[in-house]
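Step one of this worksheet: look at the structure below.
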Amino acid sequence: MALSRRTFLGLGVAGAAVIALGGIGLRPTILRAASKPLVALDERTFSVLAAFAERVAPGGGAFPVASGVHVAEKVDALLATCAPGMVAELKQALLLFDNALAGLFLDGRPSTFTSCDAATQDAIIDSWKNSRLDLRRRVYKGLRGLCAGAYYGSPEVYAAIGYPGPPDYRSLMAQRDAAVAEGAAAPGPENDTDTEHIEAPAAPAGAP
Amino acid sequence: MSGAILGHTDLTTDVDWTCDVCIVGSGAGGAVLAAGLAAKGLDVIVVEEGHHFTRKDFTLQESDALPAMYQERATRASADVAITVLQGRSVGGSTTVNWTTCFRTPQRILDHWAKVHGIEGLDLDPHFDAVEARLNIQEWPAAAANANNRVISDGCGKLGWEWKSLKRNVRGCANSGYCSVGCPVDGKQAMGITYLQDAVAAGARVLSNVRVERFEVEGKRVVAVRGRVMTPAAAEPDGAQIVIRPKVAVNSGGALNGPALLLRSGLDAGGLVGRRTFIHPVVATLARYEAAVNPFWGAPQSIGSHQFFDRGDDKVGYFLEAAPLLPMLTAVAFPMFGAELNQAMGELPHLNALLALSVDGLLPEDDGGTVTLRADGRPSLDYPIRPFLKESFRHGTESMLKIQLASGCAEATTAHVSPLRVKSLDELSKLDEREYGAHRHAIFTAHQMGGCAMGKDPSKSVVDLEHRFRGVDNLFVVDGSVLPTSLGVNPSETIYGLAHRAVELVAAAV
Ligand SMILES: Cc1cc2nc3c(=O)[nH]c(=O)nc-3n(C[C@H](O)[C@H](O)[C@H](O)COP(=O)(O)OP(=O)(O)OC[C@H]3O[C@@H](n4cnc5c(N)ncnc54)[C@H](O)[C@@H]3O)c2cc1C
Ligand code: SF4
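Listed in order, the protein sequences are those of chains D and Y. Under the working numbering, the first residue of the first sequence carries the number 1, and numbering increases by one thereafter. Under the working numbering, the first residue of the second sequence carries the number 209, and numbering increases by one thereafter.
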């Protein structure tokens with residue numbers, strides 16, 4: 001049986017050692033309280049994720065801030081339904097991302113991500129995003145995807161991006177079901193290509 | 209035995225059942241096969257890991273649908289996280305969430321299979337006729353295409369490039385645009401409301417919420433299919449033990465999961481299982497228009513172009529389609545964060561997205577990706593982006609930008625980590641300044657194929673031309689994993705057609 005020992009991050013032993021040493025003598029992770037009991041992450045990894053989420057979705061204008069729509073709590077809830085192996089790797093990634101020792105060696109910054117101010121945090125994220133090290137790009141991509149997905153999947157954000165949300169097809173179907181129950185013909189092959197019943201999405205003048 | 213779809217609330221105690229055929233997976237392959245076998249009077253049990261959803265369950269919110277109906281809660285990715293892998297997980301498999309685009313297998317691909325993989329005399333036409341009738345596969349009227357898709361006809365028309373209206377498996381489609389989160393009106397002819405219903409009506413049992421952990425093999429026979437109940441929100445199987453002892457077992461778990469199940473069962477066909485996995489790797493570009501496009505509404509894909517499908521024997525071809533833009537997946541696709549992301553997302557109603565899907569597996573040196581097992585038994589996909597694919601990505605990106613510019617966009621952008629923005633054709637030379645490949649830009653796949661390649665030569669293929677797993681007499685593979693290359697078209701209809709053909713082959717083995 002071909003068993004791959006590669007993990008999501010490919011951190012290996014050296015990465016794990018850096019994480020284990022990370023806190024000693026350097027600035028620790030700044031903790032944040034979750035708005036509900038954690039189900040997959042622990043306090044420390046949650047805090048890193050919440051801090052990261054806040055930079056992915058800092059709010060501004062009509063946009064709520066990440067914590068306003070509980071992005072990190074939503075990711076925590078999602079992770080509770082994911083394979084434990086994947087969650088373990090993600091926790092490792094969060095600790096590595098926040099890690100002060102790695103920051104000191106690679107970037108000359110002796111502090112954790114969570115203890116930096118917003119501008120520094122943005123610069124750190126940017127450096128991971130464009131890093132020469134694929135490992136850093138991986139971590140950026142994984143964390144960003146989870147946070148951006150949870151944030152823009154929140155109906156509270158739809159207004160800011162001009163998405164009206166899904167129309168109410170349930171009522172439409174309830175009407176159709178009631179009509180069929182009263183003997184109306186169910187939609188069938190005869191009206192398949194007939195586009196009359198199709199509400200063509202509005203084609204604005206000048207649209208492509 | 210009367211047919212039914214059972215779930216975790218029905219399967220509360222351990223079971224040990226016998227049947228004629230046990231099919232693992234209820235997607236495009238498994239459902240069509242189950243219906244055909246049940247119609248022959250065979251006792252069929254389909255085992256599906258995902259939940260059984262009906263239209264009444266669909267809220268059309270991605271935050272509900274993606275974790276519920278996609279593999280690994282929609283977080284699946286290649287081993288290096290560079291490629292986002294969209295794959296379905298529910299009764300109906302990926303068809304519950306797919307975008308309904310249907311094509312017959314191109315003749316060029318069938319010829320390639322005959323020549324290179326020894327798959328001769330494969331006559332799928334009568335099978336396509338049958339599934340097209342059952343699933344009402346017809347061309348979607350151009351008049352009903354949304355603005356997001358009309359970018360392709362407009363742009364290609366101006367450039368003198370080929371384009372055409374696409375066929376869809378829909379009946380009474382309301383043109384909503386929500387195919388990826390479950391059709392709210394049962395317009396999509398997904399497996400859950402078509403072939404699986406036929407199968408159940410003919411007596412088949414569908415066990416949902418059951419993950420098959422392995423095939424138990426003795427000598428050259430599968431003697432049992434072993435699984436466990438998984439409640440819908442569980443991370444791991446957490447319920448009753450399910451043992452099915454069939455005369456014939458069929459793996460229809462789809463690419464990635466299907467090969468992983470074989471590997472967990474100790475069946476690696478001499479190291480070939482999991483190899484030659486193809487994914488139609490996708491690169492995307494986005495364009496902003498002054499007028500609203502509303503890319504979240506309207507049939508997701510209705511117009512496409514095969515202008516660059518065949519780029520000669522030494523290059524990877526690609527085909528072009530549009531992508532619907534619902535907020536969550538759009539945000540995942542964008543590479544940026546913070547205010548820059550807000551600004552890009554704020555333009556959503558004015559955006560168009562195009563996709564270039566590279567046709568992998570045709571060049572002699574292109575053996576695609578490899579599926580192996582992670583320590584916990586989940587599939588791991590290693591898919592290197594080799595130079596010939598980078599060239600295809602670069603070419604495809606340029607073609608899409610040309611289409612968007614020709615159709616009058618205000619600005620078009622690549623999906624690079626730092627996007628390249630262009631407003632005119634003369635800026636396209638800047639594409640050479642960019643890198644292509646893993647972690648350089650977004651890469652997706654919604655079409656997983658291969659890993660159990662069909663072929664004539666036993667030293668190069670996992671299943672024979674009759675879908676039989678080499679070395680195990682009563683095990684068949686009927687799903688997208690048998691494709692020896694990618695297809696150059698969306699795969700569902702090819703898989704429906706192959707499964708329809710496989711009905712006689714599997715029945716003969718009972
Ligand atoms: C978002 C999206 C859009 C798409 N759009 C299109 C399109 O427009 N046109 C098109 O042609 N194709 C499209 N596709 C692809 C197409 O739907 C798939 O190629 C096709 O459904 C694959 O068929 P299959 O039988 O191989 O696997 P699937 O349909 O994926 O079914 C496999 C099933 O097996 C189950 N399974 C796997 N392992 C196990 C196990 N161990 N135990 C129990 N159950 C298991 C899975 O949960 C799954 O439900 C799309 C796919 C996605 C995800
Ligand atoms: S576009 Fe049509 S088939 Fe797709 S979800 Fe909407 S109504 Fe259903």
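By construction, the Cβ of each residue, glycine as well, lies at the ideal position given by its N, Cα and C atoms.
Within the stretch 392-411 of chain Y, contact with chain D at the beta-carbon level (separation under 7 angstroms) is assigned to 392, 393.
Note: residue 620(Y) is bridge-paired with 495(Y), 630(Y) in the DSSP secondary-structure output.
If you check each beta-carbon in the stretch 97-128 of chain D against every beta-carbon of chain Y, the ones closer than 7 angstroms belong to 122, 125. Listed along chain D, the residues sitting closer than 8 angstroms to residue 556(Y) by beta-carbon distance are 161, 162, 163. The C-alpha of residue 478(Y) lies about 10 angstroms from the C-alpha of residue 666(Y).
The way I'd put it, the stretch 227-234 of chain Y does touch the stretch 455-475 of chain Y; three or more beta-carbon pairs between them come closer than 8 angstroms. Along the length of the stretch 92-153 of chain D, whole alpha helix (DSSP H) runs at least 4 residues long occupy 100-107, 118-129, 134-152, reported in chain order.
Secondary structure within the stretch 212-295 of chain Y: the beta strand (DSSP E) runs of 3 or more consecutive residues, fully enclosed, are 212-214, 223-232, 252-255, 291-293 (chain order). If you look at residue 158(D), you'll find it in the alpha helix (DSSP H) that goes 155-158. By the Cβ neighbour-count rule, residue 493(Y) is buried, with 16 or more other Cβ atoms within 10 Å of its own. Taking a Cβ-Cβ cut-off of 8 angstroms, the neighbours of residue 83(D) in chain Y comprise 280, 443, 444, 584, 586, given in sequence order.
For the C-beta of residue 485(Y), not a single chain D residue is nearer than 8 angstroms; the gap to the nearest is close to 13 angstroms. The Cβ neighbour count for residue 370(Y), taken over all protein chains shown within 10 Å, is under 16; the residue is labelled exposed.
Of the candidates 254(Y), 531(Y), 593(Y), the residue whose Cα lies closest to the Cα of residue 434(Y) is 254(Y). Contacts between residue 63(D) and chain Y, judged by CB atoms closer than 7 angstroms, involve 550 in chain order. Under the three-state reduction of DSSP output, residue 342(Y) falls in the helix class. Relative to residue 237(Y), the option among 263(Y), 402(Y), 225(Y), 282(Y) whose CA is nearest is 402(Y). When the five nearest sequence neighbours on each side are left out, the beta carbons in the same chain lying within less than 7 angstroms of the beta carbon of residue 39(D) are those of 76, 77, 80, in order along the chain. Residue 536(Y) and residue 270(Y) have their C-alpha atoms roughly 6 angstroms apart. Of all alpha-carbon atoms in 259(Y), 684(Y), 642(Y), the one lying nearest the alpha-carbon of residue 415(Y) is that of 259(Y).
Taking 9 angstroms as the upper bound on Cβ-Cβ separation, chain D lies near residues 285, 287, 288, 289, 290, 292 of the stretch 284-312 of chain Y.
In the structure shown, residue 656(Y) adopts coil according to DSSP, grouped into three states. When DSSP states are grouped into helix, strand and coil, residue 305(Y) belongs to the coil group.
Cα atoms of residue 602(Y) and residue 36(D): separation of roughly 46 angstroms, rounded to the nearest angstrom. With fewer than three CB-CB distances shorter than 8 angstroms, the stretch 302-316 of chain Y does not count as touching the stretch 659-676 of chain Y. Legend: CB atoms of the stretch 141-162 of chain D lying less than 9 angstroms from CB atoms of chain Y belong to residues 141, 142, 144, 145, 146, 147, 148, 149, 150, 151, 152, 153, 154, 155, 157, 158, 160, 161, 162. Contacts between residue 134(D) and chain Y, judged by CB atoms closer than 8 angstroms, involve 288, 646, 647 in chain order.
For residue 587(Y), the enclosing beta strand (DSSP E) starts and ends at 587-590. Taking 7 angstroms as the threshold, the shortest C-beta distance from residue 536(Y) to chain D falls below it. Sequence-distant Cβ neighbours of residue 363(Y) in its own chain, meaning closer than 6 angstroms and more than five residues away, are 611, 614, 615. Here residue 650(Y) is not bridged, per DSSP, to any residue.
Comparing alpha carbon positions, the residue from 252(Y), 317(Y), 471(Y) closest to residue 212(Y) is 252(Y).
Contact note: residue 80(D) reaches chain Y through 441, 443, using a C-beta cutoff of 9 angstroms and chain order. Residue 256(Y) has its Cβ nearer than 6 angstroms to a heavy atom of ligand 1. Taking a beta-carbon distance threshold of 7 angstroms, residue 613(Y) does not count as an interface residue toward chain D. Sixteen is the threshold: since fewer than 16 other Cβ atoms of the shown chains lie within 10 Å of the Cβ of residue 640(Y), the residue is exposed.
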